[in-house]
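Under the working numbering, the residues of the sequence shown are numbered 406 to 938, in order.
For each residue, glycine too, the CB sits at the ideal point set by N, CA and C.
Values in this document were obtained by computation on a predicted structure and should not be read as measured data.
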Amino acid sequence: MVKNQINIADIPGISQLIKDYVTKEEKTASLYGRNLSPESLLLQAREKITNYKHREKLVDELQRQLKNLQLSEKQTINLKNLSLANSITITTGHQLNLMTGPLYFIYKILQVIKLCDTMNERQEEFKFIPIFWMATEDHDFEEINHFNFNREFISWNEKHHDYVGEISTGGLKTVLSDFYEELKYYPFGKELRKIIEKSYYTADNLSDATRILVHELFKEYGLLFIDGNTESLKKLFIPFIKDDIKEKKSFRIISKTIEKLKSNHYKIQVNPRKINFFYHKNKERNRIDETNGKYYILGSCKNFSEVEILEEIDKHPENFSPNALMRPVYQEVILPNVAYIGGNAEIAYWMELKDYFSEQNIPFPILVPRNSFLLINDNQEKRMKRLSLNINHLFLPKEQTINNLVTQNSSYIFDFAKYESRLKVIFDDLLKESANTDPSWKNMILAQKKKQLNGLEKINKRFYKANRLKHKEIVYNFEKLYEELFPEGSWQERVYNFSFYYATMGSEFLARIYNEINEFQNIVTVFNLEKGK
Numbered sequence: 406m407v408k409n410q411i412n413i414a415d416i417p418g419i420s421q422l423i424k425d426y427v428t429k430e431e432k433t434a435s436l437y438g439r440n441l442s443p444e445s446l447l448l449q450a451r452e453k454i455t456n457y458k459h460r461e462k463l464v465d466e467l468q469r470q471l472k473n474l475q476l477s478e479k480q481t482i483n484l485k486n487l488s489l490a491n492s493i494t495i496t497t498g499h500q501l502n503l504m505t506g507p508l509y510f511i512y513k514i515l516q517v518i519k520l521c522d523t524m525n526e527r528q529e530e531f532k533f534i535p536i537f538w539m540a541t542e543d544h545d546f547e548e549i550n551h552f553n554f555n556r557e558f559i560s561w562n563e564k565h566h567d568y569v570g571e572i573s574t575g576g577l578k579t580v581l582s583d584f585y586e587e588l589k590y591y592p593f594g595k596e597l598r599k600i601i602e603k604s605y606y607t608a609d610n611l612s613d614a615t616r617i618l619v620h621e622l623f624k625e626y627g628l629l630f631i632d633g634n635t636e637s638l639k640k641l642f643i644p645f646i647k648d649d650i651k652e653k654k655s656f657r658i659i660s661k662t663i664e665k666l667k668s669n670h671y672k673i674q675v676n677p678r679k680i681n682f683f684y685h686k687n688k689e690r691n692r693i694d695e696t697n698g699k700y701y702i703l704g705s706c707k708n709f710s711e712v713e714i715l716e717e718i719d720k721h722p723e724n725f726s727p728n729a730l731m732r733p734v735y736q737e738v739i740l741p742n743v744a745y746i747g748g749n750a751e752i753a754y755w756m757e758l759k760d761y762f763s764e765q766n767i768p769f770p771i772l773v774p775r776n777s778f779l780l781i782n783d784n785q786e787k788r789m790k791r792l793s794l795n796i797n798h799l800f801l802p803k804e805q806t807i808n809n810l811v812t813q814n815s816s817y818i819f820d821f822a823k824y825e826s827r828l829k830v831i832f833d834d835l836l837k838e839s840a841n842t843d844p845s846w847k848n849m850i851l852a853q854k855k856k857q858l859n860g861l862e863k864i865n866k867r868f869y870k871a872n873r874l875k876h877k878e879i880v881y882n883f884e885k886l887y888e889e890l891f892p893e894g895s896w897q898e899r900v901y902n903f904s905f906y907y908a909t910m911g912s913e914f915l916a917r918i919y920n921e922i923n924e925f926q927n928i929v930t931v932f933n934l935e936k937g938k
């Protein structure tokens, strides 16, 4: 097996909203615009082009942000093309995780790149440009201050209250020193160390460091990246900031969508606030709340009247930072964007926004759940074969797979359902008899029925426990394999960092993932990196 694939809709544990979205269930139809296809991307591009107004200012800002980087030929062409009226973008975004954080950071970017490449090969009407949106305004440092290299947890402990993008990288040399010792033993460890030092040692803050790191990894693919935390871009968003803070329009509209989601028993990813912006000043990012016409900056002594806060928005829009629900709106106002690629949680909160986008006359982008990968090696593949495991088994709940393995390797299985059915028939007959004899016996019979069924359940558990003990070697081998493939009980891509694979394979790792991405399907690929070298 070089690779094996499964649709995300067939995986237990994937949210019902995402399953219904990718299978095009009717009840999700009002939560998005177009499904992903080459044809729908062209339709989306035509719609976006007629609505987009900020191309010149976007290009000016991007040129400013990228001026200190040595752009590749492909990046230079993409930046130049972005000035053209027929250029549009496909975007993904992420927090500024140390060393990119989880593997899916890399997967999302490569899928954006490949989707753009595919569309540029298929047609000439539009130029598709891949964009990475840097979430520099987040302030939850604990979510991004670590990465996992070959099961070793490396953490950066730094006190701060500011946007993560503005945190100084000065303390990272000490944090990464032990990591460098590990890299010595890998074929491409020296190359990776050069990239890290160029990124984190030459930059003053995490925003600049992440920009350099992403640039070094993806420059040959033509990726461009943007930091929305600038005065020039925030000025373009002033009407929407005012609309949210003064009129509470986003809260009203999104709340109605939330009720629609609840009526279909979908999990709510993000609940809207009455005001969906933070106020950022003096290295503090605080929520804004309004009571009786007064706007309070929570966690501080500062407050504004309505006139004052509207003046503040006009003079200093850079002081207003969108939350998770307003960031997608900001992104779609700023960029000539047609599609967003994200994880399932991201797609879920984007779907809360469709009606708000319609109200604001902003084209709603095509939402693309990202591809996922489970990377294995030759040894793990051999162990899977010995256990007769396929991709479907891997994504079942762990105990269910163990139960299946024990069952398929057992010569005798206690047929619990058969005996349970017999007991129920006996007690149902007793209830009928008692109704004709003495109805007061009913509760006694029901109690005895419950007692006997509970006893049978205990017997069933004893049988299973004995069977499991009999096949303890199979159980042990599976649990060991599962721990390797699903570290900490989570998907590999949510725990491991790209650095181990890059140190082992160099840029070939990125190329292999790029080649295996299926840009028009919602799939998980189990992929043996040691095959097909």
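- Remark: C-beta atoms of residue 539 and residue 612 approach each other more closely than 8 Å.
- Per DSSP, residue 864 has no beta-bridge partner at all.
- Residue 669 and residue 419 have their C-alpha atoms spaced approximately 16 Å apart.
- Here the segment 715-735 makes no contact with the segment 523-535; the two share fewer than three CB pairs at distances below 8 Å.
- Ranking 707, 456, 551 and 434 by CA distance to the CA of residue 902 puts 551 first.
- Cβ-Cβ separation between residue 556 and residue 892: approximately 7 Å, consistent with a contact (criterion under 8 Å).
- The C-alpha of residue 463 lies about 7 Å from the C-alpha of residue 740.
- For residue 894, the three-state secondary structure derived from DSSP is helix.
- In this structure, DSSP gives residue 743 an extended state, which the three-state scheme calls strand.
- With contacts defined by Cβ atoms closer than 8 Å, residue 597 and residue 907 form a contacting pair.
- In terms of Cβ geometry, residue 688 and residue 609 do not form a close pair [threshold 8 Å].
- For residue 656, the uninterrupted alpha helix (DSSP H) segment begins and ends at 654-668.
- Residue 527 has no beta-bridge partner at all, per DSSP.
- Fewer than three pairs of CB atoms, one per stretch, sit closer than 8 Å, so the segment 796-809 makes no contact with the segment 907-926.
- Residue burial is scored here from C-beta neighbours: residue 489 has fewer than 16 other C-beta atoms within 10 angstroms and is therefore classed as exposed.
- In the three-state reduction of the DSSP assignment, residue 513 falls in the helix class.
- Fewer than three pairs of CB atoms, one per stretch, sit closer than 8 Å, so the segment 530-546 makes no contact with the segment 575-589.
- Between the segment 618-630 and the segment 469-484 there are three or more inter-stretch CB-CB distances shorter than 8 Å, so the stretches are counted as touching.
- Look at the beta carbons and you see the segment 762-775 not touching the segment 786-799: under three pairs across the two are nearer than 8 Å.
- By the CB criterion at 8 Å, residue 759 and residue 442 fall outside the cutoff.
- Of the residues 590, 600, 531 and 614, the one whose Cα lies closest to the Cα of residue 571 is 614.
- A distance below 8 Å separates the beta carbons of residue 680 and residue 649.
- DSSP places residue 493 in the strand class (E or B) of the three-state scheme.
- Residue 500 and residue 781 have their C-alpha atoms some 27 Å from each other.
- Here the segment 807-814 lies against the segment 861-881, with 3 or more beta-carbon pairs under 8 Å apart.
- Rounded to whole angstroms, the separation of the alpha carbons of residue 470 and residue 545 is 24 Å.
- When the five nearest sequence neighbours on each side are left out, the beta carbons in the same chain lying within less than 6 Å of the beta carbon of residue 806 are those of 798, in order along the chain.
- Collapsing the DSSP output to three states places residue 637 in a helix.
- Excluding the 5 residues flanking it on each side, residue 549 has same chain C-beta neighbours closer than 7 Å at 500, 501, 502, 503, 506 and 569, in chain order.
- According to DSSP, residue 684 shares a beta bridge with 691 and 725.
- With a threshold of 16 other beta carbon atoms within 10 Å, residue 898 meets it and is buried.
- DSSP lists 500 as the beta-bridge partner residues of residue 540.
- Membership of residue 781 in the beta strand (DSSP E) is indicated by the continuous run 777-781.
- Within the model, the alpha-carbon separation for residue 603 versus residue 589 is close to 18 Å.
- As a beta-bridge residue in DSSP terms, residue 573 pairs with 610.
- Per DSSP, residue 590 is not a residue of any alpha helix (DSSP H), being assigned neither H nor E.
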